[in-house]
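Working notes, structure below.
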Amino acid sequence: MLISVFSTLWLLLFAFDAVVVVALSLVLKNKTVDDKAKVMMGIGIFNCIYWIVYKIILSMDPTFEFILATEFPFHLCNLNTFMIPFAIKSRKPGFLNFCFCFGILGSILAMLSPDPHFVNVALSSIKGYGYWGTHHVLIIQSILLVSCGFYRPGFKEIPKSIGILLVLYFTMFLVNLLLRKITGLPVNYLFTFGMEGNTIIEALYKIFPVYPLYLVPCVVPLYPVCMGLVALGRIGKGSPDAVHS
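Here it is as structure tokens:
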């Protein structure tokens, strides 16, 4: 069975995510916050290793043009994959809130608008279990931060989360400039230089035709989206020993 956006397999994988999140949340519900941290740290480290191994195998795939400069973990979902273990270790509410909100949003966006190389591929292929697998683990661990009772999100952390996003965005713009100068390739992490063929991004650039500033107005609709995620994360009493904002 091939996977593509809104295909049966695509939907089943999200259903699988929900089952895993519920199951792990129930298992961890009455554990101490330290035990929850150990389990989630294990999942986080696993996904980091999973991503690295996936990229190594992908580099050997003759059907994929692997260019190292464009394969660093500098897109939003990949950044979250490597940031979550540090967020768990630090237990800083603003950091955790960023990983909760933008881990979910980053992975969902990546799976709604995947690179054409990863569409209509078998889940058993490296492109299938690599690309789709790492993103599904990310969405599971992002939700689990809150659902298991490790972290209770707060509305006052949203500005900090968006601030982290903006810092990463402009940092990646500088990284893109540096890699473009070194390699001569159109490196474009976090799409600071647009995204050809994406109608939404192209429309945003027409409204504000300045790289990388054209995406900055997106923080306006992002704020209520983050508020919605935080509101969902605050349903119920929450664990008494959870990390609070």
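This note's numbering numbers the first residue of the sequence shown as 1 and each following residue consecutively. Glycine included, C-beta positions come from ideal geometry on N, C-alpha and C.
Ignore the nearest five residues each way along the sequence and tell me which others in residue i's own chain have a CB closer than 8 angstroms to its CB.
| i | result |
| --- | --- |
| ASP35 | LEU28 |
| ASN120 | LEU2, ILE3, SER4 |
| LEU204 | TYR214, LEU215, PRO217, CYS218 |
| ILE108 | ILE139 |
| THR112 | A small fix is needed here, since residue 112 is Leu in this sequence, not Thr. Contacts found: VAL5. |
Where do the ends of the alpha helix (DSSP H) carrying residue i lie?
| i | result |
| --- | --- |
| LEU168 | 158-183 |
| ASN80 | 76-90 |
| PRO221 | 219-233 |
| HIS135 | 133-147 |
| VAL216 | Counting along the chain, VAL216 falls outside any alpha helix (DSSP H), and DSSP gives it neither H nor E. |
| VAL21 | 8-28 |
| ASP35 | 33-58 |
| PRO93 | 93-112 |
| THR192 | That residue, THR192, is in no alpha helix (DSSP H); it is neither H nor E in DSSP. |
| ALA203 | 199-207 |
What does the Cβ neighbour count give for residue i, buried or exposed, with the cut at 16 atoms within 10 Å?
| i | result |
| --- | --- |
| PRO116 | exposed |
| ARG152 | buried |
| LYS254 | Beyond the ends of the chain as shown, which are 1 and 245, falls residue 254; an answer cannot be given. |
| LEU76 | buried |
| GLU65 | exposed |
| ILE143 | buried |
| ASN78 | buried |
| GLY42 | exposed |
| ILE164 | buried |
| PRO85 | buried |
| SER90 | exposed |
| GLY103 | buried |
Taking C-alpha atoms, which residue in the options lies nearest to residue i?
| i | options | result |
| --- | --- | --- |
| VAL146 | VAL21, MET1, SER4, ASP17 | VAL21 |
| PHE323 | HIS244, GLU65, LYS55 | Past the boundaries of the shown model lies residue 323; the chain is included only from 1 to 245, so the question cannot be answered. |
| GLN141 | LEU24, PHE6, LEU12 | LEU24 |
| THR192 | ILE162, GLY94, TYR169 | TYR169 |
| MET227 | ILE57, PRO209, PHE208, LEU105 | LEU105 |
| LEU12 | ILE201, GLY194, ALA69, GLY133 | GLY133 |
Taking the CB atoms as reference points, tell me whether residue i and residue j lie closer together than 8 angstroms.
| i | j | result |
| --- | --- | --- |
| PRO114 | TYR131 | yes |
| PHE48 | PHE82 | Here the sequence assigns Cys to residue 48, which means Phe is not the residue at that position. Their beta carbons are under 8 angstroms apart, which means CYS48 touches PHE82 by this criterion. |
| LYS212 | PHE173 | Sequence check: residue 212 is Pro here, not Lys. Taking 8 angstroms as the Cβ cut-off, PRO212 and PHE173 qualify as a contacting pair. |
| TYR189 | ASN176 | yes |
| LEU229 | CYS101 | yes |
| TYR50 | VAL137 | yes |
| ASN97 | GLU157 | yes |
| VAL187 | LEU179 | yes |
| SER161 | GLY94 | yes |
| ALA69 | THR183 | yes |
Using C-beta distances below 7 angstroms, list every residue in its chain close to residue i, excluding the 5 sequence neighbours before and after it, in chain order.
| i | result |
| --- | --- |
| ALA37 | ILE88, PHE150 |
| TYR129 | LEU123 |
| ILE67 | LEU185 |
| GLU71 | LYS55 |
Taking 7 angstroms as the cut-off, is the CB of residue i close to at least one heavy atom of the ligand SAM?
| i | result |
| --- | --- |
| LYS206 | Of ligands this structure carries none, so the ligand SAM is not represented either. |
Could you pull out every residue in the same chain whose Cβ sits closer than 6 angstroms to the Cβ of residue i, ignoring the five residues on either side in sequence?
| i | result |
| --- | --- |
| SER59 | PHE66 |
| VAL220 | none |
| ALA110 | CYS77, HIS135 |
| CYS148 | SER25, LEU28, LYS36 |
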